[in-house]
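> Got a structure here, written out as structure tokens. Questions coming.
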Amino acid sequence: MILNSLNEAQQEAVRAPLGHQLVLAGAGSGKTRVLTHRIAWLVEVEKISPFNILAVTFTNKAANEMRTRIESILHVSAKNMWIGTFHGLSHRFLRAHWQEAGLPQLFQILDSDDQFRMVRRVINALNLDEDKFPPKEAQWFINAQKEEGLEPHEVKPRDLNGQMFLKIYAAYKEACQRAGVIDFTDLLLKTYKTLLSNAELRAHYQSRFRCLLVDEFQDTNTLQYAWLKLFAGEENSVMIVGDDDQSIYGWRGAKIENLHRFSKDYPNAKVIRLEQNYRSTGTILKAANTLIAQNSGRMGKNLWTDGKDGDKITVYSGFNETDEAFFIVNRIRELHQTDYALKDMAILYRSNAQSRVLEEALMQFGIPYRVYGGLRYFDRQEIRDALAYLRIIANRADDPAFERIINTPTRGIGDRTITSIREHAKAANISLWDALEQLLKQNFFAARAETALLSFVNLISTMSDRALMLELDKKVEYMLNASGLIEHYRKEKGEKGLTRLENLEELVNAAHQFSQEGVEDDMPPLAAFLAYAALESGSEQAEAYTDCVQLMTLHSAKGLEFPVVFLAGCEEELFPHYLCMHDPKALEEERRLCYVGMTRAMRKLYMSYAEVRRMHGKEVYHRPSRFLHEIPVELIDEIRFRAKVSRPQPITNSYTPQSQGKFRIGQEVVHRIFGQGTVLETEGDGEDMKVKVRFAKVGTKVLIASYLEGK
DNA sequence: CGGGAAAAGCTTTTT
DNA sequence: GCTTTTCCCG
0 MILNSLNEAQ QEAVRAPLGH QLVLAGAGSG KTRVLTHRIA WLVEVEKISP
50 FNILAVTFTN KAANEMRTRI ESILHVSAKN MWIGTFHGLS HRFLRAHWQE
100 AGLPQLFQIL DSDDQFRMVR RVINALNLDE DKFPPKEAQW FINAQKEEGL
150 EPHEVKPRDL NGQMFLKIYA AYKEACQRAG VIDFTDLLLK TYKTLLSNAE
200 LRAHYQSRFR CLLVDEFQDT NTLQYAWLKL FAGEENSVMI VGDDDQSIYG
250 WRGAKIENLH RFSKDYPNAK VIRLEQNYRS TGTILKAANT LIAQNSGRMG
300 KNLWTDGKDG DKITVYSGFN ETDEAFFIVN RIRELHQTDY ALKDMAILYR
350 SNAQSRVLEE ALMQFGIPYR VYGGLRYFDR QEIRDALAYL RIIANRADDP
400 AFERIINTPT RGIGDRTITS IREHAKAANI SLWDALEQLL KQNFFAARAE
450 TALLSFVNLI STMSDRALML ELDKKVEYML NASGLIEHYR KEKGEKGLTR
500 LENLEELVNA AHQFSQEGVE DDMPPLAAFL AYAALESGSE QAEAYTDCVQ
550 LMTLHSAKGL EFPVVFLAGC EEELFPHYLC MHDPKALEEE RRLCYVGMTR
600 AMRKLYMSYA EVRRMHGKEV YHRPSRFLHE IPVELIDEIR FRAKVSRPQP
650 ITNSYTPQSQ GKFRIGQEVV HRIFGQGTVL ETEGDGEDMK VKVRFAKVGT
700 KVLIASYLEG K
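Per numbering that gives the first Met the number 0, residue 0 is the first one in the first sequence, and the count goes up by one each step.
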């Protein structure tokens with residue numbers, strides 16, 4: 000039976016009778032297992048049809064993983080099950096009910112960058128001063144209102160400033176409507192509002208979803224909670240899984256109180272605690288428990304393991320940040336030579352800026368590493384350009400896309416010309432595209448601008464005509480060439496242009512793969528692909544398997560685990576961050592962040608700090624983080640090197656990982672065009688050897704070895 | 001339109 | 001301080 004592998008608390012959660020359950024799942028307590036087994040149980044034992052189940056997560060990654068795992072446990076297809084992110088499921092809902100939601104059938108989704116541009120344009124159109132009303136703040140304001148479930152007419156401005164922001168919100172909303180686009184938060188808000196105002200639809204969905212499950216519930220915001228309650232209605236069972244101690248997204252609207260609110264709203268909800276930890280040593284858990292016990296208002300939870308206590312936690316006091324980095328790198332080297340693969344070790348830090356010193360140290364030692372959390376595929380400039388062309392093909396009214404490509408690649412359409420199009424669009428309350436066509440008819444433009452504009456209009460029309468006949472991937476390929484994007488980026492010199500071309504080529508592959516996998520919705524393939532690109536920002540390319548040390552922020556480490564964890568920069572002002580220090584609530588969130596970081600470690604945990612650190616250009620002295628003092632001293636092994644800063648030894652003799660052929664990881668090399676660099680990875684041998692090199696001037700690039708010279 | 005100089009950030013991030 | 005974005009001029 001499916002329960003064999005579960006402990007008692009886990010089984011209790013899986014077998015719970017229909018009704019409401021709150022599962023408090025500590026770090027490493029098998030939360031995903033419980034969720035997936037619960038769903039399997041519902042289907043196989045409670046005989047609930049997959050059709051009647053709704054499971055919500057926050058990231059696509061989590062949703063995909065859940066679906067895969069369920070399908071491997073279950074003997075029934077999970078196809079009919081609604082598993083996805085809040086945004087993904089809302090999108091599905093709105094595609095099915097666009098009429099009820101008052102949307103055009105082929106509405107497009109704005110990502111945050113599009114949203115930002117749109118907000119800025121609205122501010123300018125209202126003749127407001129960007130310095131007085133920064134687009135960033137306006138964007139934040141708009142999203143905050145939406146996350147409280149408020150449309151412009153429902154917002155009660157607090158002061159004069161708030162009134163202006165409200166005005167911007169209202170104008171932004173109109174602009175979105177005109178363009179037939181909706182932003183991320185709109186996906187949820189429109190779903191919520193539609194369901195709220197349409198009793199028939201509400202009844203339909205409430206009778207459909209008999210069982211609802213939510214993962215990472217501590218990260219839900221007000222709107223998501225309301226969304227969930229509306230889908231759940233009075234009758235259906237809801238299981239929420241979360242951990243108040245791992246709530247680290249309060250700053251972006253997550254309401255930890257939703258956990259308490261759930262117990263109030265559903266007083267019969269059964270509370271189940273998963274406290275047995277399968278990840279970390281006893282020592283790590285004891286330390287983490289003691290630390291988090293400092294927080295107030297917890298729901299209460301104490302992690303335990305029946306495993307060994309393991310090693311003490313190593314605390315290293317570095318002289319400065321470079322010394323700290325060298326300590327970490329030295330340890331990594333030692334551990335790599337004895338017991339651990341590089342990919343089993345992670346360096347976690349509070350803020351991205353910290354990665355540089357660490358990277359430099361790793362490079363000097365020739366240790367391959369990977370930094371997580373960079374620019375994702377669909378966020379890249381060239382990809383966004385390409386998608387904008389596709390969007391304009393799909394929907395001429397898509398103003399943000401129009402703005403993006405009207406002069407990209409440059410075709411001699413200047414700012415003044417665009418401004419007059421904008422003004423006409425605003426005055427006539429029509430899309431930029433329609434405004435352009437009208438103005439052309441009126442012979443509004445000077446001859447030179449007119450020629451350029453006509454060729455743009457022709458280009459888009461020809462493109463969409465020709466594209467009609469083509470398969471999705473051919474469509475993308477055709478567009479890339481016809482638009483001149485390929486040519487444009489080919490001209491971009493150096494490394495960047497080449498990478499961009501590769502990325503654009505990859506888009507054709509992505510489109511091909513997408514159409515192969517088949518779309519479930521009855522949407523045109525192009526529209527479906529665009530929605531996919533907007534919602535699935537594309538995990539940073541799944542690079543071929545390489546054994547690399549992993550670098551990431553504490554936030555992005557959530558949900559992951561590593562045998563060895565280095566928590567760098569444990570200093571006051573940095574961690575806890577100085578912007579959080581005077582707000583008790585924010586400080587508790589920092590502490591939870593520390594708790595999250597510590598509980599990522601399976602066997603070895605290192606925490607380090609620097610006495611002097613260069614920050615914002617100044618040398619600053621910080622005390623060790625208060626979090627270090629909140630760990631029982633008997634669990635800590637403290638190392639201090641006071642004598643002098645430990646410099647790295649030249650890597651030539653000390654460390655030669657996987658060195659084959661002519662080049663060695665860590666070796667300094669010279670390229671005729673790209674200049675000096677360091678070898679990061681090697682692949683193959685002899686003439687065919689491929690070498691990944693980080694160049695001082697142009698970034699990282701994979702090259703054939705014969706183009707390089709050793710130094 | 002593109003390159004260089006000046007100016008502005010500078011916590012954490014997913015959709 | 002360092003990096004990224006914006007701005008201005010040839």
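Note that beta-carbon positions come from the ideal geometry of N, C-alpha and C, so glycine has one too.
#1: Work out the CA separation of residue 368 and residue 33 for me, nearest whole Å.
#2: Should residue 151 and residue 172 be called a contact, given that it needs their Cβ atoms to be closer than 9 Å?
#3: With which residues is residue 607 paired in a DSSP beta bridge?
#4: Going by other Cβ atoms of all chains shown within 10 Å of its Cβ, with 16 needed for buried, is residue 515 buried or exposed?
#5: Taking just the CA atoms, how far does residue 550 sit from residue 25?
#6: With H, G and I counted as helix, E and B as strand and the rest as coil, what does DSSP make of residue 516?
#7: What does DSSP give as the partner residue(s) for residue 84 in the beta ladder?
#8: Compute the minimum distance between the beta carbon of residue 504 and the heavy atoms of the ligand ZN, and state whether it is under 8 Å.
#9: What whole-angstrom Cβ distance do residue 212 and residue 91 have, given they're in contact under 8 Å?
#10: Do the stretch 315–331 and the stretch 356–372 meet, that is, are 3 or more Cβ pairs less than 8 Å apart?
#11: Looking only at its chain, what residues have a beta carbon closer than 7 Å to the beta carbon of residue 384, apart from the 5 residues adjacent to it on each side?
#12: Mind checking who residue 369 pairs with in its DSSP beta bridge?
#13: For a minimum of 3 consecutive residues, which ranges assigned as the beta strand (DSSP E) are wholly contained in the stretch 336–424?
#14: Can you give the Cα-Cα distance for residue 340 and residue 346, rounded to whole angstroms?
#15: Which whole-angstrom value is the C-beta distance of residue 217 and residue 268, which I expect to be below 8 Å?
#16: When you compare the stretch 415–432 with the stretch 393–401, are there three or more beta-carbon pairs, one atom per stretch, that lie closer than 8 Å?
#17: Between which two residues does the alpha helix (DSSP H) carrying residue 569 extend?
#18: For residue 101, which option in 440, 185, 143, 462 has the closest C-alpha, if you only look at C-alpha atoms?
#19: Where does residue 101 fall in DSSP's three states?
#20: Kindly list the residues whose CB is nearer than 6 Å to the CB of residue 270, restricted to its own chain and excluding five residues on each side of it in sequence; keep chain order.
#21: Return the CA-CA distance between residue 198 and residue 177, expressed in angstroms with no decimal places.
#22: Per DSSP, residue 481 is paired with what?
#23: From residue 716 to residue 104, what distance separates their C-alpha atoms?
#24: For residue 614 versus residue 312, is the C-beta spacing smaller than 9 Å?
#25: Name the DSSP beta bridge partners of residue 176, please?
#26: Go ahead and label residue 280 buried or exposed: buried means 16 or more other beta carbons lie within 10 angstroms of its beta carbon, across all protein chains shown.
#27: Given a cut-off of 9 Å, decide if residue 154 and residue 168 are closer than it, judged by their beta-carbon atoms.
#28: What are the start and end residues of the beta strand (DSSP E) that includes residue 468?
#29: Name the one or two DSSP bridge partners that residue 21 has.
#30: Which residues in the same chain as residue 144 place their Cβ atom closer than 7 Å to its Cβ, once the five residues preceding and following it in sequence are excluded?
#31: What does the alpha-carbon distance come out to for the pair residue 424 and residue 594?
#32: Taking its Cβ as the centre, do 16 or more other Cβ atoms sit within 10 Å of residue 621, making it buried, or is it exposed?
#33: Which residues bound the beta strand (DSSP E) around residue 212?
#34: Between which two residues does the alpha helix (DSSP H) harbouring residue 109 extend?
#35: By the three-class DSSP mapping on this structure, what secondary structure does residue 153 have?
#36: From residue 4 to residue 490, what distance separates their C-alpha atoms?
According to the data block:
#1: 33 Å
#2: The answer is yes: Cβ separation under 9 Å.
#3: 315
#4: When all chains shown are included, residue 515 counts as exposed.
#5: 24 Å
#6: Looking at residue 516 - three-state DSSP - the assignment turns out to be helix.
#7: Assignment of beta-bridge partners to residue 84 by DSSP yields 56.
#8: Ligands displayed in this structure: none; no statement on the ligand ZN is therefore possible.
#9: Not quite, the Cβ-Cβ distance comes to about 17 Å (not below 8 Å), so this is no contact.
#10: yes
#11: 403, 404, 407, 484
#12: DSSP, once it has assigned bridges, lists 549 as partnering residue 369.
#13: 344–348, 368–370
#14: 14 Å
#15: The Cβ separation is near 15 Å, so there is no contact.
#16: yes
#17: Taken as a continuous stretch (DSSP letters only), residue 569 belongs to no alpha helix (DSSP H), as it is neither H nor E.
#18: 185
#19: coil
#20: 21
#21: Rounded to whole angstroms, residue 198 to residue 177 spans 27 Å at the Cα level.
#22: The partner list for residue 481 (beta bridge, DSSP) is empty, contrary to what the question assumes.
#23: The requested residue 716 is not part of the displayed model; the chain covers only 0 to 710.
#24: No; because the gap between Cβ atoms is not below 9 Å, this pair is not in contact.
#25: DSSP output for residue 176 lists no bridge partner at all.
#26: The residue is buried, with at least 16 neighbouring Cβ atoms inside 10 Å.
#27: Residue 168 places its beta carbon less than 9 Å from that of residue 154.
#28: Run containing residue 468: none; DSSP gives neither H nor E here.
#29: 239, 270
#30: 154, 168
#31: 52 Å
#32: buried
#33: 210–213
#34: Counting along the chain, residue 109 falls outside any alpha helix (DSSP H), though it belongs to the beta strand (DSSP E) covering 107–109.
#35: Of the three classes helix, strand and coil, the one that applies to residue 153 here is helix, per DSSP.
#36: Distance from the CA of residue 4 to the CA of residue 490, rounded to the nearest whole angstrom, comes to 59 Å.
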